[in-house]
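Residue numbers (full-length UniProt numbering): 1 to 281.
Each residue gets a CB set at the ideal place from its N, CA and C atoms; glycine is no exception.
Quick caveat: nothing in here was measured; it's all calculated off a predicted structure.
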């Protein structure tokens, strides 16, 4: 009997129902048509603006770039936030974490960065909302519309796509929505040869969802009750976020720190993948 978990609601499912094998991986739309739109983990638009005008789809499970494809040149990424650019600058093509407890400003800083970068540089961004509150996703979308980052009248103009798997979704959904966002942004790097941005809020919720899935599959818990595959799951996401000879992905990720304990296995596991940190308190 295979281990199975769902990525959508299971209401109405009953024992004995027919299961159909699609013989295809979970694939999501990619390309310029995704900009200015809101998607769920399945790549379905949820913004009531109609279907996405693209036939190009990519599977969300992909291999990390080969070693010979990587680009190791160093350059500074200007955020437009003066205190960050002066005192703790970020590396272009790097992975940056915003650490902090509840309510210290991680999401607010991410919203400011998206606004600054979209307006000043016109850089393509993808925002992955992983397991956060529904109203935060709605607030982010409304602020983007008010500031002009998203233009519903001319949806070809925006430079950002939003992918949400909120905390009311099943753990399988929250565990995979980060890969959906990453797949969308990878297309711009690998095929359009652009320097792009990936925002993830919140990496802790990604780990938390993995812990729930692990418990559902009957795996023995590890330290502090986390899943034994914590490091492996983190690598499947983080190793695909890198610079190649085609372009770069600069990723800014919020990390909730439980009880302000940086030694907790969830935030501690992210340290091996860091290029820069900002600790908010």
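**Message:** Does the stretch 97-113 come into contact with the stretch 249-258, if we say contact requires no fewer than three beta-carbon pairs (one atom in each stretch) closer than 8 Å?
**Reply:** With a cut-off of 8 Å, the stretch 249-258 and the stretch 97-113 count as touching, because enough Cβ pairs lie within range.
**Asked** Looking at C-alpha atoms only, which residue of 35, 144 and 171 is the closest neighbour of residue 51?
**Response** Ranked by Cα distance from residue 51, the options 35, 144 and 171 are led by 35.
**Request:** Please work out which residues of its chain come closer than 7 Å, Cβ to Cβ, to residue 137, disregarding the five sequence neighbours upstream and downstream, and give them in chain order.
**Result:** 129, 164 and 166
**Message:** Tell me the DSSP secondary structure of residue 82 in three-state form.
**Reply:** helix
**Asked** Is it right to say residue 307 is buried, meaning 16 or more other beta carbons lie within 10 angstroms of its own, or is it exposed?
**Response** Residue 307 cannot be examined here, being either before or after the span of the chain that is shown, 1 to 281.
**Message:** Can you tell me where the alpha helix (DSSP H) holding residue 190 begins and where it ends?
**Reply:** 171-190
**Asked** According to DSSP, which residues form a beta bridge with residue 128?
**Response** For residue 128, which the question treats as bridged, DSSP gives the partners 163 and 200.
**Asked** Between the stretch 211-227 and the stretch 130-150, do at least 3 Cβ pairs fall closer than 8 Å?
**Response** no
**Message:** Quick check on DSSP: helix, strand or coil for residue 256?
**Reply:** strand
**residue 46, enclosing beta strand (DSSP E) - first and last residue** = Annotation: residue 46 is outside any beta strand (DSSP E) and is labelled neither H nor E by DSSP.
**Prompt:** Does the distance from the CB of residue 241 to the CB of residue 252 come in under 8 Å?
**Reply:** no
**Prompt:** Which residues in the same chain have their Cβ closer than 7 Å to the Cβ of residue 158, if we skip the five residues on either side of it in sequence?
**Reply:** 35, 36, 149, 150 and 151
**Asked** In angstroms, rounded to a whole number, what distance separates the CA positions of residue 1 and residue 13?
**Response** Unreliable positioning characterises residue 1 in this predicted model, as indicated by a pLDDT of 48, which lies under 50. A coordinate reading is not provided.
**Exposure of residue 24, with buried meaning 16 or more beta-carbon neighbours within 10 Å** = exposed
**Given residue 27 as reference, the closest of 54, 47, 119 and 48 once Cα atoms are compared** = 54
**Asked** Helix, strand or coil for residue 264 per DSSP?
**Response** coil
**Asked** Where does the unbroken beta strand (DSSP E) through residue 27 begin, and where does it stop?
**Response** 27-29
**Item:** As assigned by DSSP and simplified to three states, the class of residue 5
**Value:** coil
**Message:** Can you tell me whether residue 275 is helix, strand or coil according to DSSP?
**Reply:** coil
**Message:** Spatial neighbours of residue 33 within its chain, please: C-beta separation below 8 Å, excluding the five flanking residues on both sides.
**Reply:** Taking residue 33 as the centre and dropping the five residues before and after it, the same chain places the C-beta of 52, 53 and 54 closer than 8 Å to its C-beta, in chain order.
**Prompt:** My guess is that residue 282 and residue 175 are in contact by the Cβ rule of under 8 Å, so how many angstroms apart are they, rounded?
**Reply:** Any property of residue 282 remains undetermined from this structure, which presents the chain solely from 1 to 281.
**Request:** May I have the straight-line CA-CA distance separating residue 145 from residue 181, to the nearest angstrom?
**Result:** 20 Å
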